[in-house]
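Have a look at the structure below before the remarks.
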Amino acid sequence: MPYITGFEIDGMVQAHRENIIEVLETRFETVPQGLCDRINEIDDLALLKSLHKRAITVASVEEFEQVIASI
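Just so it is clear: in the sequence shown, position 9 is 682 by the numbering used here, and no numbers are missing.
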């Protein structure tokens with residue numbers, strides 16, 4: 674297994690945050706700033722990967738906000 678530095682992990686975390694927000698913006702046009710702020714507070718890479726999948730499948734921004742509120 675390759676060694677991954679802290680900087681690389683930080684980069685992956687930031688990329689996943691940006692991807693989640695981009696998916697939501699693409700699907701629903703606008704994303705509330707509060708939701709963006711909450712997404713940007715998440716540091717768990719596995720959780721961000723899971724949220725990325727949810728962002729693709731949720732029916733609305735409000736539903737995604739409920740997902741975020743439940744974590």
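Beta carbons are placed, not taken as given, at the ideal position from N, Cα and C, and that holds for glycine.
Check	Outcome
What is the DSSP secondary structure of S743, reduced to helix, strand or coil?	coil
Roughly how many whole angstroms lie between the Cα atoms of I712 and L720?	10 Å
Thinking just about the alpha-carbon of each residue, which of D717, E695, D716, E714 is nearest to the one in V734?	E695
Put E735 into one of helix, strand or coil per three-state DSSP.	helix
With respect to the alpha helix (DSSP H) encompassing T699, which residues constitute its N-terminal and C-terminal limits?	679–701
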